[in-house]
Every structure is written in C-alpha cells, then in structure tokens.
Amino acid sequence: MNGTAADSSAWRVAVVGGGISGLAAALRVGTACHSTGAALALDLLEAGDRLGGPVHTERIGEFLVETGPDMFVTDKPWAVELVEELGLGDELISTDPTHRRSLVLHRGRPQPVPPGFTLMSTSRVWPVVVSPVLSPWGKLRLAWERFVPARPVDDESLASFGRRRLGNEAFERLVQPLVGGIYTADPEKLSLRATLPRFLDMERRHGSLTRATAVQAAKSKQENAAESGARYGLFVSLRNGLGTLVDALESRVGEFADVRRSTSVAGVHAEDDGTYRLDFGVGTSRPYDAVVLAVPTHVASSLVANLDASLAEELGAIEYASSAVVCSGYPLSQSEHSLEAFGLVVPRVERRNVLAVSVASRKFPGRAPDGHALLRTFVGGALQPELLERSDDELLALVREELAGIFGVRGEPTFERVVRYPRAMPQYHVGHLDRVDRIEERVARHRGLALAGSGYRGVGLPDCVRSGQLAAERLLQSVPAPA
Ligand SMILES: Cc1cc2nc3c(=O)[nH]c(=O)nc-3n(C[C@H](O)[C@H](O)[C@H](O)COP(=O)(O)OP(=O)(O)OC[C@H]3O[C@@H](n4cnc5c(N)ncnc54)[C@H](O)[C@@H]3O)c2cc1C
Numbered sequence: 007m008n009g010t011a012a013d014s015s016a017w018r019v020a021v022v023g024g025g026i027s028g029l030a031a032a033l034r035v036g037t038a039c040h041s042t043g044a045a046l047a048l049d050l051l052e053a054g055d056r057l058g059g060p061v062h063t064e065r066i067g068e069f070l071v072e073t074g075p076d077m078f079v080t081d082k083p084w085a086v087e088l089v090e091e092l093g094l095g096d097e098l099i100s101t102d103p104t105h106r107r108s109l110v111l112h113r114g115r116p117q118p119v120p121p122g123f124t125l126m127s128t129s130r131v132w133p134v135v136v137s138p139v140l141s142p143w144g145k146l147r148l149a150w151e152r153f154v155p156a157r158p159v160d161d162e163s164l165a166s167f168g169r170r171r172l173g174n175e176a177f178e179r180l181v182q183p184l185v186g187g188i189y190t191a192d193p194e195k196l197s198l199r200a201t202l203p204r205f206l207d208m209e210r211r212h213g214s215l216t217r218a219t220a221v222q223a224a225k226s227k228q229e230n231a232a233e234s235g236a237r238y239g240l241f242v243s244l245r246n247g248l249g250t251l252v253d254a255l256e257s258r259v260g261e262f263a264d265v266r267r268s269t270s271v272a273g274v275h276a277e278d279d280g281t282y283r284l285d286f287g288v289g290t291s292r293p294y295d296a297v298v299l300a301v302p303t304h305v306a307s308s309l310v311a312n313l314d315a316s317l318a319e320e321l322g323a324i325e326y327a328s329s330a331v332v333c334s335g336y337p338l339s340q341s342e343h344s345l346e347a348f349g350l351v352v353p354r355v356e357r358r359n360v361l362a363v364s365v366a367s368r369k370f371p372g373r374a375p376d377g378h379a380l381l382r383t384f385v386g387g388a389l390q391p392e393l394l395e396r397s398d399d400e401l402l403a404l405v406r407e408e409l410a411g412i413f414g415v416r417g418e419p420t421f422e423r424v425v426r427y428p429r430a431m432p433q434y435h436v437g438h439l440d441r442v443d444r445i446e447e448r449v450a451r452h453r454g455l456a457l458a459g460s461g462y463r464g465v466g467l468p469d470c471v472r473s474g475q476l477a478a479e480r481l482l483q484s485v486p487a488p489a
C-alpha cells in the first residue's frame, strides 16, 4: 500500500523535522492512511543524524543520562496516550515521592522552597512563615495577596503579574527562578497567557491566587501538600529513559514512512497545480502533495520565505533562547549537601552562572549507581546568553565551581558531559498567542501545508505531540479518497 514519494499514484506527504512533533505527525498520517487504505508515500526528513531533537538518552558507565528532557506532565494526556499507543505503558514511571521537593538558592545557600508553594501560589501558610527564603516584609506582602484587587487582563508578563499579586520579593526569590527557569526566559517578556494561563484564570475566577488555591486544596484534600517547586506528582518518565519513546516512534513510523536522516530541507515552493516542491539545496528537489513543517519557527520562516513572505515574517519574529546542559555524575560522598531534592533553582538576584541544577538520580530510579548522584546543570537561557560563548572546557570548569560553591561538591566527577542547545527554546513573549493566531490564519490559505512544533502552543513534550497530531489531521482533510 505504501508507495515512495516518487510514486505519483500515492498521496505524497513530507514531514520536515524528526523531533517529537514531526514523529507524532508522521505516525498520525501513517496510521490514518493505513486504516482507510489510502495509498501513501510518506517521507520523514531530518537534518540531523538521529531523530528526537533534544530527547535523547545515553548510557554512560552505570548512569542513565537524559541529555535533554527527562520527564513530562500527565495532566495534558497526549504524551501518555502516545506511550500507551506504542505499547510502552508498562515502562511509565512516576517521580519518586521520597525526595519530591525543590531547593532555591538564597544568599548563596540551598534552602527548601516552602512546602506547598508551587510556581506562583501556596497551599500552606506555615512553611512560608518559617521559611528563611523571604524577609518578614516579603511574607506579609505575600499574605496580602488575597486582598490585592483583581485586574484581569488578556495577557501580561510573568514579572508584571508576579510582582502585582505576590510582591517584588516573592517574585524575585521564588517565582522568577521557578517559572522563568522552565522556559529559560526573561520574565519581563514571558507571556503568562501562553505559558501558565491557569494563574490568569485563578485571578479571574476567584479574585486571588490564595483563594483559588484554598478552593482547589479543599477539593483535592491536599494530596500533594508537601510538594514544592514544580507539581512533581504530575510528572512521569520511562524506565529506560525518554530515548525509548523516540526509538519506538522511529520503528513504528518506519512501517509507514521513508525515514531520511541527514537530509536538510532548504525551501518549500508552491507549484501551479497546488502541490509543493521541497528544495534540498544541492540542486535536488522533490514534489509533494502535502507538507508538515515540524521545525523551529526560525527554520520554518526561512523555508517558507518564497512561498509566503508575511508568514515568514511572523514565524521569524518568534525569538529563541539557547542553553547548555552539563551532566555530571559524582559519588554522594563527595557532596557536603545530601542532595535530597529533585533540584535547585537559582534566582537571578543571586547573580550566579547557573540557572538550575536537577538531581536526576533523586527523581527516578535507575539513573545512577548506588551511592552516586546524577546532576544536570542548566546554563545560559535568555538572561545569560554570553555564557554560551565559552568553550566546553570552560563550561565544565564553571559548573564544577558552582557545584562546589552551592552544594560543596568536590573532587573529580565520575563522568561529565556538555550538551548545547542553540536556539532550541522558543520564547513565548507577551502577545505570542495573537501571533500564533495570525500564523494559523496565513497557513490556512495554503492547502496541504501544516506547521507543528514547540514554537506555537506549548513547549512541553505533550504539547509537541498534540501539535504534530493536529498538523497531521489538518493534512488528512485533503487526503484523496482511496482509488
Ligand atoms: C534542554 C531541554 C530540556 C527540556 N526538558 C523538558 C522536559 O523535561 N519536559 C518537557 O516536557 N519538555 C522539555 N523540553 C522541551 C521539549 O523537549 C521540546 O519542546 C521538544 O522536544 C521540541 O520538539 P519539536 O519536535 O517541536 O522540535 P525539535 O525536537 O527541535 O525537532 C525539530 C527537528 O527539525 C530538524 N530540522 C531543523 N531544520 C531542519 C531542516 N532544514 N530540514 C530538516 N530537518 C530540520 C532538527 O534537527 C530537529 O530534529 C526541554 C527542552 C530542552 C532544549
């Protein structure tokens, strides 16, 4: 049933980009055509030499190292459903409840994020009262949140909302590192509506985050009241790492598609008959009936430059931040700190050279040999791009110095590795969703063209899966009926 893209009787589809979004799109196109019997010639075109984008798991000695993402949320169901569709449901593992808490750097020392404080609201008062992370004035101002009048707006920066509701100190000391760190973003520009709309909703519906949290806590009977930082109880991974998901997707997609690695697409051109021609930039091109661009928006922008200049301009206006992750393994005996937490976030006001440190071996079992810690230290982001100009050796030295200063981790690591992510994290600035609406309006003018990826309506893996699936569904509306 499946032809190749040269087979003119089949529906010729190209998915450009073999990250999680492109893989999800290709799978949806492949399974839908398979079930209807439509003849399909599907190409998955990936510039790199492997699939998955930042999703990658490596075994380094006895460590299981996620060099990019290491978990995903379950309250957006699409990634879990995909895992189950691929027969990997038994591999899902939850975060270890034993150490389900976060630390925040405060005047150079790691301190617990007050239990119950998650991103921007707290379900418990006492831990905030006794926490050293806020001054008495900062605590009073935080407690005053319930009396701050609601000012519902359509969109607002994280910084503006955080300061307005919780006060400057709680914003700088807790909200900025906890939320800004997830997006490696500048909180003065980060759109709340595009990233954490539930807080805008909480204000709109209950007038205050404190009141909204009290209502929610009463409903959930404070199941996870001791958690702090991110809502870790909602996160899962796979026993042998998220690379397993990429491997399973690659093998399933391979049943329907010609998967071409090291194949970079240079441009998309419209043909007079309503089809597309993909240009590979070396004098070769190929015709397709339908195309999914599952690449970062700055790449999509250059690919569609000849097809639709306005679309290219909107896509090109979405900024990206770069970061690096330094993975290192240490015997726990080399750390003065017990590292009994999922990680540490670093407020900008601390003026350090790292954004966050994730203690991967505390989150999930099997990540490090007994008696060892696997640390993943994040560097760069929108606020410290200059650090990424340093060489790998300089980054390793910088991270060693910071780990020694923060946790008292000393001596030689069992292993260490630098992985760079240039322009990998889209920055959802205020107004982002309006821009995405405009982008979608423009794309709708091009029958057989769809966009997918982290650049649009969510950076997390479940959002990317959904984005790929929706792009596929858009194309499937134009699939020719089986002959
Ligand atoms: C360091 C890091 C940690 C993260 N941690 C988490 C986490 O813990 N949990 C979570 O849910 N999310 C996390 N994320 C976010 C999530 O991993 C990404 O948003 C997601 O993987 C992006 O997938 P994508 O398919 O949209 O893009 P990508 O994975 O970037 O895929 C795009 C693909 O297109 C290819 N490509 C580019 N140009 C071309 C071209 N011209 N022709 C052909 N192919 C091309 C690229 O090589 C790439 O493979 C993290 C991201 C990073 C960078």
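According to this note's numbering, the residues represented by the sequence shown are 7 to 489, in order.
Glycine included, every Cβ here is placed at the ideal spot set by N, Cα and C.
Residue i to residue j span [Cα, whole Å]
i, j, result
"Val471", "Ala458", "9 Å"
"Glu91", "Leu244", "14 Å"
"Gln483", "Arg130", "49 Å"
"Thr10", "Arg453", "In this prediction, Thr10 scores a pLDDT of 47, lower than 50, which makes its location untrustworthy; no coordinate-derived value is stated."
"Gln307", "Ala45", "With the sequence shown as reference, residue 307 is identified as Ser, and Gln is not the correct amino acid for it. Looking at the two C-alpha atoms, the distance is approximately 30 Å."
"Val185", "Phe205", "12 Å"
"Glu87", "Leu476", "15 Å"
"Val449", "Val298", "11 Å"
"Leu98", "Phe241", "10 Å"
"Ser367", "Val305", "35 Å"
"Pro83", "Pro468", "7 Å"
"Gln117", "Gly411", "14 Å"
"Val61", "Gly464", "16 Å"
"Arg199", "Val159", "10 Å"
"Val310", "Gly273", "6 Å"
"Leu401", "Arg426", "11 Å"
"Gly322", "His438", "12 Å"
"Gly213", "Gly122", "20 Å"
"Ala456", "Ser41", "21 Å"
"Arg28", "Gly74", "Note on identity: in this sequence residue 28 is Gly, with Arg being the wrong assignment. Their backbone Cα atoms lie some 17 Å apart in a straight line."
"Ile66", "Glu72", "10 Å"
"Leu33", "Phe262", "8 Å"
"Ser316", "Leu215", "39 Å"
"Arg266", "Gly249", "19 Å"
"Val365", "Leu313", "46 Å"
"Glu407", "Pro193", "27 Å"
Closer than 6 Å: residue i CB and nearest ligand 1 heavy atom
i, result
"Tyr427", "yes"
"Glu52", "yes"
"Gly349", "no"
"Ala430", "yes"
"Leu467", "yes"
"Phe370", "no"
"Ile445", "no"
"Pro60", "yes"
"Ser316", "no"
"Gly239", "no"
"Val271", "yes"
"Ile99", "no"
"Gly187", "no"
"Cys470", "yes"
Of the listed residues the options, nearest to residue i (C-alpha basis)
i, options, result
"Ala362", "Ala347, Phe370, Val385 and Ser341", "Val385"
"Ser344", "Val415, Gly289, Val119 and Leu467", "Val415"
"Val301", "Ala220, Ala16, Trp17 and Val22", "Val22"
"Arg152", "Met208, Glu408, Ala478 and Pro293", "Met208"
"Leu202", "Gly213, Phe167 and Ala220", "Phe167"
"Gly36", "Pro116, Leu255 and Arg56", "Leu255"
"Arg217", "Thr128, Arg292, Arg169 and Arg463", "Thr128"
"Arg429", "Ser397, Val332 and Glu325", "Glu325"
"Pro353", "Gly25, Leu125 and Arg18", "Leu125"
"Ser270", "Ala20, Ser15 and Ala16", "Ala20"
"Asn246", "Leu70, Trp17 and Ala30", "Leu70"
"Leu50", "Val332, Gly213, Asp161 and Gly25", "Gly25"
"Ser341", "Gly417, Glu277 and Leu196", "Gly417"
"Leu94", "Val436, Ser15, Ala53 and Leu251", "Leu251"
"Ala374", "Asp440, Val331, Pro419 and Pro391", "Pro419"
"Val424", "Arg396, Val436 and Arg441", "Arg396"
Ligand 2 heavy atom lying under 6 Å from the CB of residue i
i, result
"Phe286", "As for ligand 2, it is missing from this structure, which binds only ligand 1."
Counting Cβ pairs, one atom from each stretch, are 3 or more of them under 8 Å apart for the stretch 169-185 and the stretch 139-158? yes
Using 8 Å as the threshold, is the stretch 322-340 in touch with the stretch 364-383, meaning 3 or more CB pairs across them? yes
Inside the stretch 281-331 only - alpha helix (DSSP H) runs reaching at least 4 residues: Listed in chain order, they are 303-309 and 315-322.
Count Cβ pairs between the stretch 78-88 and the stretch 237-251 that sit closer than 8 Å; are there 3 or more? yes
Does the stretch 257-265 come within contact of the stretch 110-117, defined as at least 3 CB pairs closer than 8 Å? no
Three CB pairs or more closer than 8 Å across the stretch 177-196 and the stretch 420-436: Note that the stretch 177-196 touches the stretch 420-436; at least 3 beta-carbon pairs, one per stretch, sit closer than 8 Å.
Going residue by residue through the stretch 365-438, where are the continuous beta strand (DSSP E) segments of at least 3 residues, counting only ones entirely within it? 378-386 and 421-432
Segments assigned alpha helix (DSSP H), at least 4 residues, entirely inside the stretch 141-180: Those alpha helix (DSSP H) runs which fall completely within the stretch 141-180 and span 4+ residues are 142-149 and 164-172.
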